[in-house]
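For the record, the sequence lines run as chains E and Y. For what it's worth, my numbering labels the leading residue of the first sequence as 1045, then goes sequentially. For what it's worth, my numbering labels the leading residue of the second sequence as 310, then goes sequentially. Built from N, CA and C at the ideal position, the CB exists for glycine as well.
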Amino acid sequence: MRTGARAIVVGLALALTACGGSAPGASSSNSYQGKTIHLGAILSLTGAGGVYGPSSQKGMQLAVDKINGSGGVNGAQLALDVKDDNSDKAQSAQVAQTLIQQGQLLSLLGPTLSNSAVAVHPLAESFKIPILAVSTTGIHIVPDCNYPKTDPCKYVFRDSLGEESAIPADIKTYADQAHPKTGVLMVANDDKFSSDGGKIVQNTVSQYGIQLLDTVQFSKTTADFATPVTKAVQKHPDVIFITSLGGIPAKIMIEARKQGFTGQFLGGNGFNTAVVSKQAGADGKGAQSGSAWYINNTFASNAGFVQAYRAKFSSDPDQFAAQGYAAILILADAAKRANLTFSDVAGDRTKLRDAMESVNIDTPLGRFQFTSDHDVKQTIWIIQMDGNGGFSLVKSVTPS
Amino acid sequence: MTQQILNAIFIGSIYALFAVGYTLVFGVLDVLNLAHSAVFMLGAVITYSLVALHGMPFLPAAVIAVLVCGLLGLLIEFVALRPLRRRNAPPISALISTIGLALIFVAIVEQATPGSFFSWLWQDGANSVRFPAGTVPNPTFHVLGLTIEGTKLLILITAVVLMLVLGYVIRFTQMGRALRAVAENRRAATLLGIQVDRVFASTLFLSSALGGLAGLLFGLAISDISPYIGRDQVELKGLAVIVLGGMGSIPGAVLGGYLLGLIEVLAFVRFGSNVEAGVAFAALFLVLVLRPQGLFGAQLRERL
Chain E
1045 MRTGARAIVV GLALALTACG GSAPGASSSN SYQGKTIHLG AILSLTGAGG
1095 VYGPSSQKGM QLAVDKINGS GGVNGAQLAL DVKDDNSDKA QSAQVAQTLI
1145 QQGQLLSLLG PTLSNSAVAV HPLAESFKIP ILAVSTTGIH IVPDCNYPKT
1195 DPCKYVFRDS LGEESAIPAD IKTYADQAHP KTGVLMVAND DKFSSDGGKI
1245 VQNTVSQYGI QLLDTVQFSK TTADFATPVT KAVQKHPDVI FITSLGGIPA
1295 KIMIEARKQG FTGQFLGGNG FNTAVVSKQA GADGKGAQSG SAWYINNTFA
1345 SNAGFVQAYR AKFSSDPDQF AAQGYAAILI LADAAKRANL TFSDVAGDRT
1395 KLRDAMESVN IDTPLGRFQF TSDHDVKQTI WIIQMDGNGG FSLVKSVTPS
Chain Y
310 MTQQILNAIF IGSIYALFAV GYTLVFGVLD VLNLAHSAVF MLGAVITYSL
360 VALHGMPFLP AAVIAVLVCG LLGLLIEFVA LRPLRRRNAP PISALISTIG
410 LALIFVAIVE QATPGSFFSW LWQDGANSVR FPAGTVPNPT FHVLGLTIEG
460 TKLLILITAV VLMLVLGYVI RFTQMGRALR AVAENRRAAT LLGIQVDRVF
510 ASTLFLSSAL GGLAGLLFGL AISDISPYIG RDQVELKGLA VIVLGGMGSI
560 PGAVLGGYLL GLIEVLAFVR FGSNVEAGVA FAALFLVLVL RPQGLFGAQL
610 RERL
């Protein structure tokens, strides 16, 4: 009975890959059967990045369960090992080292924060192990992970929309509609993600006729935002730009509204999670940002994801869950086509890397491909906080 | 600028309240209780859990949290301090054992699992939360172009009243006299019939209750409740405050708290965040060099 069932599965897999036609993995389906593809994720489940990491983890786990439940990757099962880096750069590098030293991982995912990626990505590159960033949006993540060295990193990919695309699209959308004259930038200066976002805002605003009255820098460990917010609000700007992460954007919005600010909040990826929208509550209503994903998109690969996520976790997914989910689909698709041997890990890693470059699949983010720089090229969804812990769509921007 | 000075007074009140408990233990026991910042965090976290998860009104929740923090003070005394004192261990051992307790307190909150008392931490992945809107009425007053929040005013008043009460207790009551006697000379106090162990226990209770209160007021006004607020926000600053004011001096801790708040805010406004912490600690350094006894060390011949 068992061998019969197995024969059917193998036959089915062969038939499926045969349908795929040119799939290079077709002849190797048998060697996948009963094997395990080991993946390791370095995520910030605690600390400042704790608002993002758990979402990524849930999205990844959902995809792993879905793929394993429907026959795995050519019959091989996915195994995901998630490690917490406590949002700390040094700890992130340590965790990556530990995962790599286990010796059997085919690919890494993460880390959650750009700040940690600076340490982890070059490490993965030096060990020639593919790493797929799922939430890092800073500058110099791909392709030049060894910044300031400019030679491209061959093993580093990301499926997370960079702030260099998202923030200008957001500012343009708002400027076209409301024609603001002045702005103040509030930026955390001790975190790569935040300070990168700040630089992008500074470089963008003048194109749209917005005068930056002041840049208020603060530390990400600031607790009482009364002082920095007073400094910003007293300039009476039309817009407050916030580039920071964790609960900080919400805290700034709450404090600014208390101090009588009635203008617009514009920001980056730090806005794009339901936790932040929920924390900001009514004070965050209308706060606008560019996002890689929008929950109410109705195309099948998103609708199916949202439905499955709600069924499993009884809560709504956010962008980070969608990117985590997409990352597993991307790796599974690449693994399927990579002709893995399961005996030569180093060789398999390189094969996987090569296959990743030609990924072209449907994900909750939309149709997904990598650019030649291993970055993502996709539609940008301009969204607003709705004041009740959710978001509404303003418009979609297709990058030129 | 006036608004910024107001901001400084509010944050200074929290520093002062926290530092008073810190310095009390140091004055009486000659030990730095580094678990004080963890108790500060628990004050906020316990109140939040009772209010947001168990639907309790704010006031009883706050009272329970302050009492629990006081009892944790007793735990610190019985677990981390008394056994070492019995063995005549050097003060550094006590300091290290309180660091250990602090780590345990933080880990208990951090490792909360679904369904447990601190499960909010786990629930939505956000490990910084704030009290639900409307927990405490928070009218915002706009006077002469200044924004004054109800909760912050409440903090200022609570802090000032409590510090005055504490000052009265220490100066004019039987218990206060016992505290000062033990602080002055432990052996002489014992010979006079003061039960030193009991004085230590009540000092820890009082100090930790104040620490917990400072924590819950911080959580209320600053909208930041997480397992790390003690470590990140007050641990080192509290130390700076009591050194600034003179180790073991309560008026010193109060004035040191407001002074640190003011220095921080002015440094931020004038120079920006890069130097904010630097300026505060440079002031501390200056005080240590020029007046090692602290700003108020000399005038106060006796401790507390």
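Take residue i and list the residues in its own chain whose beta-carbon comes closer than 6 Å to its own, dropping the five residues that flank it on each side.
| i | result |
| --- | --- |
| V340 of chain Y | P400, A403 |
| G1065 of chain E | In this prediction, G1065 of chain E scores a pLDDT of 39, lower than 50, which makes its location untrustworthy; no coordinate-derived value is stated. |
| G1093 of chain E | S1131, T1156, L1157 |
| G434 of chain Y | Low per-residue confidence applies at G434 of chain Y: pLDDT is 48, beneath 50, and the placement is therefore not dependable, though the value from the model is reported in the following sentence. Same-chain partners within the cutoff: there are none. |
| D1430 of chain E | S1436 |
Considering just the uninterrupted stretch of the beta strand (DSSP E) at residue i, what are its terminal residues?
| i | result |
| --- | --- |
| K1127 of chain E | 1121 to 1128 |
| S1239 of chain E | It is not in any beta strand (DSSP E) - S1239 of chain E instead sits in the alpha helix (DSSP H) that spans 1236 to 1248. |
| W1107 of chain E | One point to set straight first is that residue 1107 of chain E is Ala, not Trp, in the sequence displayed. No beta strand (DSSP E) contains A1107 of chain E, which is instead part of the alpha helix (DSSP H) from 1097 to 1113. |
| G1334 of chain E | 1332 to 1335 |
| A1232 of chain E | 1226 to 1232 |
| H1082 of chain E | 1080 to 1087 |
| Q1308 of chain E | 1308 to 1311 |
| G1410 of chain E | 1410 to 1412 |
| F1262 of chain E | 1255 to 1262 |
| L410 of chain Y | Element bounds for L410 of chain Y: not the beta strand (DSSP E) but the alpha helix (DSSP H), 400 to 419. |
| V438 of chain Y | That residue, V438 of chain Y, is in no beta strand (DSSP E); it is neither H nor E in DSSP. |
For residue i, collect the residues of the same chain with a Cβ closer than 8 Å to its Cβ; drop the 5 residues on either side in sequence, then sort them by chain order.
| i | result |
| --- | --- |
| S1387 of chain E | none |
| I1426 of chain E | A1213, D1214, T1217, Q1332, S1333, G1334, S1335, L1437, V1438, K1439, S1440, V1441 |
| S1072 of chain E | Unreliable positioning characterises S1072 of chain E in this predicted model, as indicated by a pLDDT of 47, which lies under 50. A coordinate reading is not provided. |
| N1233 of chain E | S1239, G1242, Q1261, F1262, S1263 |
| G1434 of chain E | A1318, S1321, I1339, D1360 |
| T499 of chain Y | V505 |
| A1344 of chain E | D1406 |
Pop quiz: residue i and residue j are said to be a contact at Cβ under 8 Å. What is the actual Cβ separation, rounded to whole angstroms?
| i | j | result |
| --- | --- | --- |
| S1136 of chain E | P1155 of chain E | 5 Å |
| A1390 of chain E | K1172 of chain E | 7 Å |
| L1205 of chain E | V1403 of chain E | Not quite, the Cβ-Cβ distance comes to about 16 Å (not below 8 Å), so this is no contact. |
| A1140 of chain E | L1167 of chain E | 5 Å |
| G565 of chain Y | L553 of chain Y | 4 Å |
| V478 of chain Y | M484 of chain Y | 7 Å |
| T1080 of chain E | A1107 of chain E | With 8 Å as the limit, T1080 of chain E and A1107 of chain E do not qualify as a contact, their Cβ atoms being about 16 Å apart. |
Which one of the options has the shortest CA to CA distance from residue i?
| i | options | result |
| --- | --- | --- |
| I1424 of chain E | E:C1197, E:M1104, E:A1379, E:N1341 | E:N1341 |
| I1296 of chain E | E:F1262, E:K1279, E:D1282, E:N1313 | E:F1262 |
| K1102 of chain E | E:S1358, E:L1409, E:G1434, E:D1430 | E:S1358 |
| Y1076 of chain E | E:A1378, E:A1140, E:V1350, E:V1117 | E:V1117 |
| R395 of chain Y | Y:D506, Y:G557, Y:R439 | Y:D506 |
| Y1380 of chain E | E:A1370, E:K1395, E:L1153 | The sequence shown places Lys at residue 1380 of chain E, not Tyr. Comparing Cα positions, the closest option is E:K1395. |
| V1245 of chain E | E:E1208, E:Y1191, E:N1233 | E:E1208 |
| L545 of chain Y | Y:G581, Y:V578, Y:A442, Y:G587 | Y:G587 |
| V1095 of chain E | E:S1288, E:V1273, E:Q1251 | E:S1288 |
| F1366 of chain E | E:D1203, E:K1127, E:G1078 | The identity of residue 1366 of chain E in the sequence shown is Ala, whereas the question assumes Phe. For A1366 of chain E, the nearest C-alpha among the options comes from E:D1203. |
| T1142 of chain E | E:H1184, E:I1086, E:L1176 | E:I1086 |
| G1227 of chain E | E:Y1252, E:K1236, E:D1235, E:F1237 | E:Y1252 |
| L410 of chain Y | Y:L343, Y:L376, Y:F594 | Y:L343 |
| N583 of chain Y | E:V1231, E:Q1255, E:L1310 | E:V1231 |
Hey, quick one: how far does the alpha helix (DSSP H) through residue i stretch, first residue to last?
| i | result |
| --- | --- |
| H291 of chain Y | The shown model of chain Y, from 310 to 613, leaves out residue 291 of chain Y, and the question about it has no answer. |
| T444 of chain Y | Looking at the DSSP string, T444 of chain Y is not in any alpha helix (DSSP H), and its letter there is neither H nor E. |
| L1167 of chain E | 1158 to 1170 |
| M1400 of chain E | 1389 to 1400 |
| S558 of chain Y | Note, S558 of chain Y: premise wrong, no alpha helix (DSSP H); not H, not E. |
| L1406 of chain E | Per the sequence shown, the amino acid found at residue 1406 of chain E is Asp instead of Leu. Premise fails: D1406 of chain E lies in the beta strand (DSSP E), 1405 to 1407, not in any alpha helix (DSSP H). |
| I479 of chain Y | 459 to 481 |
| T499 of chain Y | 495 to 500 |
If I measure Cβ to Cβ from residue i and keep anything under 7 Å in the same chain, skipping five residues before and after, which residues do I get?
| i | result |
| --- | --- |
| L513 of chain Y | V334, G382, L383, I385, E386 |
| A589 of chain Y | A549, L569, I572, E573, A576 |
| A1270 of chain E | E1299 |
| A1378 of chain E | L1396, A1399, M1400, V1403 |
| F426 of chain Y | S358 |
*Could you please tell me which residues of the stretch 398 to 430 of chain Y, in chain order, have their CB closer than 8 Å to any CB of chain E?*
E419
*Under 9 Å (Cβ pairs) to chain Y, residues found in the stretch 1232 to 1258 of chain E*: A1232, N1233, D1234
*asked:* Using a Cβ-Cβ cutoff of 7 Å, what residues of the stretch 326 to 357 of chain Y are near chain E? List them in chain order.
replied: none
*Using a beta-carbon distance cut-off of less than 7 Å, what residues from the stretch 536 to 557 of chain Y approach chain E?*
I538, D541, Q542
*Quick one: which residues of the stretch 438 to 452 of chain Y get their C-beta closer than 8 Å to a C-beta of chain E? List them in chain order.*
V438, R439, A442, T449, H451
*asked:* Which residues of the stretch 1360 to 1374 of chain E have a Cβ closer than 7 Å to any Cβ of chain Y? Give them in chain order.
replied: none
*the stretch 1145 to 1157 of chain E: positions lying closer than 9 Å to chain Y by Cβ*: none
_Residues of the stretch 578 to 591 of chain Y with Cβ closer than 9 Å to any Cβ of chain E, in chain order_ = V578, G581, S582, N583, E585, A586
*Give the residues from the stretch 1274 to 1291 of chain E that approach chain Y closer than 8 Å (Cβ to any Cβ), ordered along the chain.*
T1274, K1275, Q1278, G1290, G1291
*asked:* For the stretch 452 to 469 of chain Y, list every residue whose C-beta sits within 7 Å of some C-beta in chain E, in sequence order.
replied: T456, E458
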